[in-house]
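Here the structure is laid out as structure tokens; the discussion comes afterwards.
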Amino acid sequence: MSPRPMFLRGTAACAPWVRTRLRTAPGAACALGLLVLLTAFLAAALPLAVDRYEDEGLRHDLATAAPRRSILEVSSPPPGLQLPTAAREEAIRETSLASVHRTLLNGLPDPVRADTGQSAYGVRTANPISAGERWLPRPYGIDPELTYATQSALPDHSALREGAWPAVHGEVATSTKEVEAAVTEETAKALRIRAGATVSVPAVGGGELTVRITGIVAPLRPEAAYWSAEPLLRTPSLVAKPTKTEPRYYWTAALLLPPDAAPALLATTGQPELYWRFPPNVSRLTAHDVPRLRSSVASLEGGPGLLKVHAAVGETATLTTDLDEIVSAYDGMRQAIRPVVTVAAVGIGAVAAVVLLMTGGLITGRRHNELALLRARGGSLGSIGGRLLTETAVTAVPAAALGLLLAVLTVGGTRLWSSAVGAAAVGALLCVALPVRTVLLHRRPRLHGGRDDVATLRPSRRRTVAELTLLVLAVGAVVALRRRGTDGAGGTDLLVSSAPVLVGLIAALVLVRLYPLPLRLALRYVARLRGAVGFLALARAGRSSASGTLPLLALLVALTTAAFGGSVLAGVADARDTAAALATGADARISGQADSAPLSDGLVRAVSEADGVREVARVQIEYGVSLPPPESGFEDAEGAILIGVDPLTYARLARSTGIGAFPADRLKPTGPATPKGTMPSKDRVLPVLTSPSVAQRLGDRPRDLQSMAGDFKVRVAGTVAHTPAVTGTSFMIVDAASLTHRQTTALLLTGDRLDAKALRTAAHHAGKDFSVQLRSEVRAAYVDTPMQVGAERIYTAAIAAGAGYALLAVLLSLLRTAPERTTLLARLRTMGIGSRQGGRLLGFEAMPQALLAAVGGLLVGRATIALLAPGIDLMHLALSTGPGSGLLYNAPLRADPWSLVLPALGVIVLTAAVAGVQAWWTGRRGSVTELRAGDSR
């Protein structure tokens, strides 16, 4: 009886077995470890990257919001008159307010945290008080109105520029007749205030409180919440007083009193109130804090948190903030962007999983004979699978752990558990796939199995059922995506997000079933030719294993994912380009305030001579032109925008920008020309291009129109939805040469590499109110939130990863059959085949499947985009708040030719390159060496 094989004698042989296997194939182990490392890094980095840009997005939105919106402000009227005067005065002194401030600060619910450095408290007059001093400026003869505030910690947030800090002398009470105050430099300049000036404040009892200005200060951080929560403390303002005719303006400003001077404000007529302001500290907030943050803010506004505020301040205290609105807007954008990003994540995950399975299949195929022999000699499935599991785990587990570590170190983030799950899933997939595949292939001891040629093998019933199931899932995913889009109310739906992957999977299965048909037709054609290379190559391609269709699946899914990612980026770029074009109307725009100031001919000449300017379109714009009453007889106050243009120049501009293109002859006036030097007739009829709403209002017959540019009749000659000159949707375009009073109020410039400095210099010399708006600058303003930038980077990485995995799938596919092709070439060389013929043989053999994958990926990618485009809106990913963004109703998905063609060409080029290199290397080694290695089947 033969002794038991070494691998069956116990577990003591496991370590020597694994060590021996790793020593015999170190290159394969290193390559496997590198693949696991890269895949685990991607799987771990994705959730970390999402967390990072979502966290940065939350902090960005809170930090860039106006402080008056983001602060938590507690306000309360002063103690009531039923209390003694001394008690009322004591309640609003600095020590009492500071004690309440500390209580409120410590009582803020988690995760609401205040920026203590910018927090402030004090007493202010809720109603501004008119100042009657003669030396104060009065632009329209109206007395300025002043607010008095005892803002805390003034010396810590400002620098003294003139005079001395305001202080209290003794104990201030309601009977105090004089207090000191300070003003900012801007207030002093606007209201002509100097140190030593006094302002009289009327008191409730009929007397006066004198406020002496002792110092002029400069804010250290004017944009910070201390000064910006109430901008009047820092900057005076001209306020319009509503009148029946033209508005009249008067100054409003604030005077800053020392904190202990607050009791003096009780005697004024300004209705003083107490306040405590807490700007949020956003440095430690994360996206996972959003639910608790919204709950905490709601509690402070009308829940248990508000009860704590009442306990600290009083029952009359109120808390106001717009922090909940800012967080809600952020959460809405996050929920809109996350499903779109999930589509990319699912696609790359599917491609990576297929490539890992291909790697396991390559290892199993290379060791098929070895494992079959062990199985034939009595090896159990458990022992063989266990040893394969150990071999794979020794390489895969450390590589996955290293990938996780690299992701954490390079990307950062807070959701470590999801990254750990992703990296562990990569290692587990490879560790489990190899033993399971081996166990399934070697359930019965056998050395050789039957042929499973792709051209002759008939799919089993189980495979047909599985394919039909996948088809149903794919149809359901596409229908769901087209009906409700990616931003469903229920959050991210994995079935909807996997729609591109499922479409690619179904296409791969269909192509595998159709693949034998063109192969047989091509084989019949080359059989009639004289050369043997083509026939032999196609015959071998038809005899390839049906299990080799896994690379086709990987290629199609990878190419579809890359095409989808490129189309997303292309759609985002198109939406931004369109919004920028709608906002400016050209490559650059020069105009005065409200497009009403006339532009001189000198400015037009200077602009035309600037570098990069190709053409200048002169436009006359008049807003609020009254339209004639509709034919129904009902009259309203709706007006329109009259646009006078040069038809030829403006038509070229509209055509080049793609905004409301029209033929120039539509605006050509009919009838006799007006003699030079005479006034045009009011009865002349001018053709106009209008927006649809104005066309409906004017009707088909000529209508009278009165404007500052002249009185005439108009007839609608056509309609356009948008036009470059204005962003409104109610306009009329007319030939400027037909206007009675002609002038230029805006210049629309086209050209490449416009000299912005020269344009702004020319506009500044023409008038200080003229502004220059560049399309490129407006375009760049849309990418301003970390969430948008982060999502774009993920899609860019998805394209690169998809292309990389596609090329890796090609290499794995060719490596799987490389030994067999090498042996074939060696045998054919002994029969007289040349090196070039050998290269063509390998290339022709590999080309059918490469062409199938490339052409199929191209068609499937295009079809996937066409199927999914109606359900995907890229508005939140493409545009933030900015000029022109409100004019777009949606940002559709658009096929990007480069993302479709380049990866497909890469597959073909790589396949041909690998075949040529293998043929060259085989010829260099010689036929004897290869034939000595054994008979490869």
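Heads up, the sequence shown is in our numbering, so the first residue is 588 and it goes up one at a time. Where is the CB? At the ideal position from N, CA and C, for every residue including glycine.
Which residue wins for smallest C-alpha separation from VAL1301, given the options LEU1229, GLN705 and LYS1344? LEU1229
Nearest candidate by alpha-carbon position, reference LEU622, set THR903, LEU861 and VAL941: VAL941
Among all the DSSP beta bridges, which residues are the ones paired with PRO866? In the DSSP output, where bridge partners are listed per residue, PRO866 has none listed.
On a Cα-Cα basis, can you pick out the residue from ILE913, LEU852, PRO666 and LYS1344 that is closest to GLU765? LEU852
Residue environment, ASP1483, which counts as buried when at least 16 other CB atoms sit within 10 Å: buried
C-alpha distance - LEU894 paired with TYR862, whole-angstrom precision: 17 Å
Within 8 Å, strictly: CB atoms of TYR837 and TYR727: yes
Which residues in the same chain as VAL884 place their Cβ atom closer than 6 Å to its Cβ, once the five residues preceding and following it in sequence are excluded? LEU910 and ASP911
If we count Cβ pairs, one from each stretch, closer than 8 Å, do we get three or more for the stretch 1331-1341 versus the stretch 1191-1210? yes
Can you tell me which of the three DSSP states ASP1342 falls into? coil
If we ignore side chains and look at the alpha-carbon of each, how far apart do ALA777 and TRP752 end up? 20 Å
Straight-line gap, ARG610 to VAL1496 (C-alpha atoms, nearest Å): 34 Å
So ASP1174 packs on LEU1346, CB below 8 Å; how close in whole Å? Actually they are not in contact, since the Cβ atoms of ASP1174 and LEU1346 sit about 10 Å apart, beyond 8 Å.
contact_flag[the stretch 729-749, the stretch 845-860] where n(CB pairs < 8 Å) is 3 or more: yes
Alpha carbon to alpha carbon, how far is LEU842 from PRO823? Give it in angstroms, no decimals. 10 Å
Check whether ILE935 and LEU659 have beta carbons under 8 Å apart: no
What does a CB cutoff of less than 6 Å around ALA1150 pick up in its chain, not counting 5 residues either side in sequence? GLY1448, SER1486 and LEU1487
Which residues in the same chain as LEU989 place their Cβ atom closer than 7 Å to its Cβ, once the five residues preceding and following it in sequence are excluded? LEU624
Leaving out five residues on either side along the sequence, give the residues of the same chain with a beta carbon under 6 Å from the beta carbon of LEU1101. none
Within the continuous beta strand (DSSP E) that includes MET1462, where are the two ends? Careful: MET1462 lies outside any beta strand (DSSP E), inside the alpha helix (DSSP H) at 1462-1465.
Are the beta-carbon atoms belonging to SER657 and PRO867 less than 8 Å from one another? yes
Return the CA-CA distance between SER1085 and ALA1007, expressed in angstroms with no decimal places. 22 Å
Out of GLY1211, VAL1191 and LEU1394, which has the shortest C-alpha to C-alpha gap to GLY1354? VAL1191
For HIS1351, does the count of other Cβ atoms within 10 angstroms reach 16, so buried, or fall short, so exposed? exposed
For the candidate residues ARG864, ALA1015, SER870 and THR651, whose alpha-carbon lies nearest to that of GLU562? Within the shown structure, residues of the chain are numbered from 588 to 1524, placing residue 562 beyond reach of any answer.
Within 10 Å of its beta-carbon, does ASP1339 have 16 or more other beta-carbons around it, so buried, or fewer, so exposed? exposed
Can you confirm whether the stretch 1090-1100 touches the stretch 1433-1448 when touching is taken to mean that 3 or more C-beta pairs between the two stretches lie within less than 8 Å? yes
Beta strand (DSSP E) segments (min. 3 residues) lying fully within the stretch 1173-1231: 1175-1178 and 1200-1213
C-alpha gap between GLU1222 and LEU1214, whole angstroms: Because GLU1222 carries a pLDDT of 48, less than 50, the predicted location of this residue cannot be relied on, and the following value inherits that uncertainty. Cα to Cα, the separation comes out at about 9 Å.
Helix, strand or coil at ILE1386 [DSSP, three-state]: helix
From TRP814, VAL1155 and PRO1479, pick the residue whose C-alpha is nearest to that of GLY704; which is it? TRP814
Measuring alpha carbon to alpha carbon, tell me which of ALA840, GLU795, ALA615 and THR1306 ends up nearest GLU817. ALA840
Here's the rule I'm using: 16 or more other beta-carbon atoms within 10 Å means buried, otherwise exposed. How should HIS744 be labelled? buried
Alpha carbon of THR607 to alpha carbon of PRO613, nearest angstrom: 10 Å
Alpha-carbon spacing of ASP1384 relative to CYS617, whole angstroms: For clarity, residue 1384 is Ala in the given sequence; the question names Asp instead. The straight-line gap from Cα to Cα measures roughly 24 Å.
Per DSSP, the bridge partner or partners of TRP838: LEU825
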